[in-house]
Structure formats: C-alpha cells, structure tokens
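These notes are about the structure you will find just below.
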DNA sequence: CCTCCTCTTTGACACAGATCAAGCTATGAG
DNA sequence: CTCATAGCTTGATCTGTGTCAAAGAGGAGG
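Residue numbers (my numbering), protein chains in the order written: chain G, 13 to 256; chain X, 13 to 256.
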C-alpha cells in the first residue's frame, strides 16, 4: 500500500528524514527532489489548507492525522477523507482544492514545491503512474464510504470506522491488533466523518463497550476485545476482514 | 468537460461514429485505435459488468445511461456513480472493478480492447494525463456526493439530483433548460443513488411538483418551472448554480 | 490543589424518513 | 378489449437518529 509514494524514511529510526523514490523501479531517480523539499509542522486544530487555496506545494503526511472536509452554507460539515501517515495531498494539474484540510493531531508534512514537482511528472515516467494509482485508491475509498454514508446504520458506521482504524494502525504500526490503539479524532470529528451526530457516536461507542467488543482506557486509547464481533457489526462481507 | 476523452463524433449528425483523439494536442495520434475499437449495445436493465469481473476492455458511453452500484450482503444497494454519454469506464492498471455496471436505459458503448489500450498509455503521452483528469473529476464528484449522502435532507437530495440532471442534459444536449428533460432512472434507482427509499423519492418529487417547481408530463419526462426555487432547495452555495 | 474549559456521557423527547400496505396508472401481450 | 405486470402514488404507523439539555470526566494552567 502506498507507503513509498514519494517519501520514504532513509532509516527506520528517523522517520522524519525522507527521500523521494520511484516505487516502481525502486531507484533514487528523484534524488534531485531532496533539494526542494521541506518540512512543515502543524499543531492539532491548525488549518493546513483552506478550500479554494492556491496549491503552492504538494505534500506527504509524515506524522499525525489530517482531515479533509466540506462545510455547507449553514454549517453542516461532512468529512470526505482522512489522511494518515504516508498519505498524499495534491493533484497534478489542479491549482486549487475544494475542501479544507485540518490537522486533527499534531502533523508533520513533507512538502515539495509545486513547480518542480509538476516538471518532474513530465520527465520521470513512473511517478505519474504512481499518482494515478493513488487517485484510483482514493476513488475506491470514496465509493466505499458512499455505501457507508448512504446505507449503513449508526452501529455499522461506527464498527466500520473502528475496524478501519485498527487496520490502518496495524499496517503502518508495530503489529499487534490489540493494546495500543488510538482514536485520532474527537467524537465530533468522527460524527462528521460518518454522517452522524456526536451524541450518536458516543452512544454507539459505549454500546460496543458495554457488549464487550471494545475496551477503553482513555477516551482516545482503546483495544479490541472481540475482533469477530466487531467485524460482524460492520455489515461488510465476511471476507473483507483482514485483507488490505 | 470530458466530452472528448478518447471518443469524439466524426460529425455531429452521426453521434455513433467516433474516433480516438488526444484532447491535449487535438491530433489523431491514436487513429490506430480505429482498428481495435468496437461497439456494444445493451438493453435497459442489462448487466454490463459484474463486480469482480475481469476488465477485458475499456469503454466510453456513446448513448444511454448506465449505473455503477454496490450491493451489501443483505441486499441494500448504494449507487456510486452514474454514467452519461461521454463518460468513461475503465482504469489503467486495474484488472477488475468493485461494483456492478448496469444499463439504466438502452446503452451503446464504444469499446477498446484492454491490451492495446494499455500499450497506448505507455506510448502516447497525453492520454494518461487525460485519464488522470478523469479520475480526479470522478473523485471530486464522489466527494460532493458524500456530502449529499451524509448531510443533506431528502428534499435537498432530490433537488440536487434534479438540478444535476438538468445541467448534464443541458450541456450534452441541445440547449434549452426547459421542455425536453428526462429522468433516466426509475424511482427505485434514484432512491439507491440518493440513499433514500423509493417512497420518499416519490413524495419529494411530488412535493416539488405541487409547489410549482417542476412539472411532469410523463413519469419520466419533466420540465423545470422555477429554476431558482430548485436551486434554493439543493442546500448548495448560491454561486454553484450555473457553473460547470 | 483548585478552576476553567473542552470533550464526553446520558436522558427525555421530537421528527424525518423508513416500513408496511393498499390502490392507481401506464404499457404491452394476447 | 382485457389482462398482467412493473412502476408509481398515497396513507398510516413505527423507529432510529437528531435535538435539546444537563451533568460528568479529564487535562492544562495558575
């Protein structure tokens, strides 16, 4: 999965130092990019980009969680994407974005200036292919989310969300689907992601707790007691469980 | 808008006869494709592709309307896309699709065999760029739809849908945002697109009729009496109205 | 240690939309 | 012309979530 788009740690101990590589040929063709990349940090709650902003750089999430969301005239909010480490912001040939990007936790981005990046796309072959893959992955994710938003019950939405958190942290992280899992969003943010209210999120989360499916230490830290029951509650096909 | 992806009418009177062109350089670089393309027709209701099918060809819709939808284990259905004339089916480097494609009306597709098409992507530069644009357009559309599914009321959903039908038929068609508009989907299909039940769709549509916003001849054919009221009912920003 | 502030939980109640159930209207076949 | 069928409308009722309100954590700063 898109771990090595354009940024990859030079050594695993120092997750901040990335280099640009081509994931296809696995060579440092793009080492030139080293020169023009930079890091930006944002505190939890900071706005990273505003809807309509000129995109002066593209970026990859190194650390933390950011949200993409759209706000209606009257204030209703729908989150349309969640950026975890290794996810990418930016799109070739688009000067602006049509949603807000906000740091949900403290976030570090690895940024590439727009112009050189665009030129890169023309010169190095496989990079644009990689970007296409990313775009299609996002499209698939968006469509799955449409099913969730349009047809799933509150309980199924919550279970799906939790399962997704488990999977993403399992893959990126250290293994062990149990002990050290984190909910990187507040109840309110989760509700905006799932098309619910924060009260409903709270109730459903506590229902799963009461049933012994989840356990919470903190409000944010939890573990899954009964993975099977969790999956059963998602409403998804039986197989989709462990697969990427 | 993506009218001239890979298929463009040779003359406007004969919309069936397409040739492959590169929309960037506007040259017939791809005329070779003439050789390997073919037309397939489907009757309303026909399944065009099944979820998980091997994609042996990519295609462009010439005539008619097709739907993309996902079905949950227990039968709940969510439509995740609507293909109108000039829309494209298929994705580079993906062998399968994860949803069903069904003909909502009689449909004619302009098909290109998979293999030569893939090779084309490697050789002709701007085609893959065009595909990227298409993918990003679809992604934007999917995200707008997420807002609709997650946050809009039944009335807003219906109004948004109708407005979209007006816009799409206005652009592709002959002009005149009035008289000859068609609802290419049944109430049931619309409900699956909007995350509602068919009864709610029927009620909301008739509500708009009773208020004098719409008028129906047929169950399928309608005209917009009060465009402004329609837009006001969508819940969208004031400006988005007439823009592409 | 206390206090403020933000996030969360919990309860009571309301309502939009789902569900269930007839009945209606076209259209096409025989 | 009649019948059958598929799609649509309309009504009555139910229910899952939203809404409103109040009170309970937990952390940060003094």
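Just so it is clear, CB atoms sit at the ideal spot from N, CA and C, and this is done for glycine as well.
Note that the coordinates shown come from a computational prediction; the quantities given were computed from them, not determined experimentally.
In this structure the stretch 64-82 of chain X touches the stretch 197-209 of chain X; the number of beta carbon pairs closer than 8 Å is three or more. Beta-bridge pairing by DSSP links residue 121 of chain X to X:52, X:73. Only residues of its own chain outside the window of five on either side were considered, and among them none has a CB closer than 6 Å to the CB of residue 248 of chain X. In the pairwise beta carbon analysis, the stretch 81-97 of chain X is classified as not touching the stretch 123-135 of chain X: fewer than three pairs are separated by under 8 Å.
Judged by DSSP in its simplified three-state form, residue 164 of chain X adopts coil rather than helix or strand. The C-beta of residue 126 of chain G comes no closer than 8 Å to any C-beta of chain X.
Nearest in C-alpha terms to residue 166 of chain G, of all of G:214, G:123, G:55, G:156, is G:214. For residue 61 of chain G against residue 112 of chain G, the beta-carbon gap comes to about 7 Å, under 8 Å, which counts as contact. In terms of Cβ geometry, residue 125 of chain G and residue 69 of chain G form a close pair [threshold 8 Å]. Take the alpha-carbon of residue 178 of chain G and the one of residue 64 of chain X: they are about 26 Å apart. Taking 8 Å as the CB threshold, residue 107 of chain X stays off the interface with chain G. Annotation: residue 83 of chain G to residue 208 of chain G spans about 15 Å, alpha carbon to alpha carbon. Within chain X, the residues placing a beta-carbon under 7 Å from that of residue 90 of chain G are 158, 159, 162, 163, ordered along the chain. Rounded to the nearest angstrom, the gap between the Cα atoms of residue 241 of chain G and residue 196 of chain X is 41 Å. Nearest in C-alpha terms to residue 58 of chain G, of all of G:232, G:119, G:230, G:238, is G:119. Residues of the stretch 195-210 of chain G with a C-beta less than 7 Å from any C-beta of chain X: 207, listed in chain order. Taking C-beta separations shorter than 7 Å and ignoring five residues to either side along the sequence, the partners of residue 108 of chain X in its chain run 64, 65, 66, 67, following chain order.
CA-CA distance, residue 100 of chain X to residue 149 of chain X, rounds to 11 Å. Taking a C-beta cut-off of 9 Å against chain G, none of the residues of the stretch 48-77 of chain X qualify. Cβ-Cβ distances below 6 Å link residue 219 of chain X to nothing in the same chain once the five nearest sequence neighbours on each side are left out.
If you look at residue 112 of chain X, you'll find it in the beta strand (DSSP E) that goes 112-115. The beta carbon of residue 147 of chain X falls within 8 Å of a beta carbon belonging to chain G, placing the residue at that interface. Shown here, residue 79 of chain X sits in a strand according to DSSP, grouped into three states.
For the stretch 214-243 of chain X, there are no residues whose beta carbon sits under 9 Å from a beta carbon of chain G. Residue ranges of uninterrupted alpha helix (DSSP H) with 4 or more members, entirely inside the stretch 197-228 of chain X and ordered along the chain, are 199-206, 210-222. Nearest Cα to residue 87 of chain X within the set G:140, G:71, G:163, G:243: G:163. Between residue 71 of chain X and residue 123 of chain X a beta carbon distance of about 4 Å is seen, short of the 8 Å cut, so the two are scored as contacting. Taking 8 Å as the threshold, the shortest C-beta distance from residue 151 of chain G to chain X falls below it. Around the CB of residue 192 of chain G, fewer than 16 other CB atoms lie within 10 Å, so the residue is classed as exposed. Under the three-state reduction of DSSP output, residue 68 of chain X falls in the coil class, being neither helix nor strand. Annotation: the continuous alpha helix (DSSP H) that includes residue 126 of chain G extends over 126-135.
By the neighbour-count criterion, in which 16 or more other beta carbons inside 10 Å mark a residue as buried, residue 211 of chain X falls on the exposed side. Contacts with chain G at 8 Å (Cβ-Cβ) include residue 144 of chain X. Beta-bridge annotation (DSSP): residue 95 of chain X is paired with X:78. Rounded to whole angstroms, the separation of the alpha carbons of residue 181 of chain X and residue 173 of chain X is 12 Å. The secondary-structure analysis by DSSP pairs residue 181 of chain X with nothing; it has no beta-bridge partner.
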